Amino acid sequence: MKENFNTAGVNNKVTNLLALSSADLHLQKQMLYTDFALWVREHFNLEQEQLEQLDNMPQNFRNQLGTAIANCLDAGYPVQFLKEEKEEDIDWKELSIQGLEEWQEPFMTRQFRSPLFIAIRYKKNP
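Residue 1 is where the sequence shown starts when you use the numbering used here, and the numbers rise one by one after that.
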């Protein structure tokens, strides 16, 4: 079932992914590693503008994002996600990701690793 692409929808998807069997989670992680954009399309209800933004993301960035999410899930950690509600007359959108570089490698040790936190915020110039 597709989720809405908002804070609640993404957090629900993450919870459901972490509850999957090892084999089913492995399949989802493989999709994230190989084609992040396709995985997002298959799991979230996206508006046309969001589809275009996904398609226009640099391939390297999509690969990094898919890898970080897959590695985070593989370690059993939830991906933390926040998407503000978009108001009318928004001047700009900010995407911030904490932990993107740190989660490029699989989680092999018990050392502390910061959470993967993805935030989409909208701003209006005063």
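C-beta atoms are modelled at their ideal positions from N, C-alpha and C, and glycine is treated no differently. Please read all numbers here as calculations on a predicted model, not as lab measurements.
Residue burial is scored here from C-beta neighbours: A19 has fewer than 16 other C-beta atoms within 10 angstroms and is therefore classed as exposed.
In this structure L54 is in contact with A37, their Cβ atoms being roughly 5 angstroms apart against a cut-off of 8 angstroms.
Assignment of R113 by DSSP, reduced to helix, strand and coil, places it in the coil class.
Here the alpha carbon of Q80 sits roughly 24 angstroms from the alpha carbon of E52.
In the structure shown, E102 adopts helical secondary structure according to DSSP, grouped into three states.
Under the 8 angstroms Cβ criterion, the segment 83-92 does not count as touching the segment 56-66, having fewer than three qualifying pairs.
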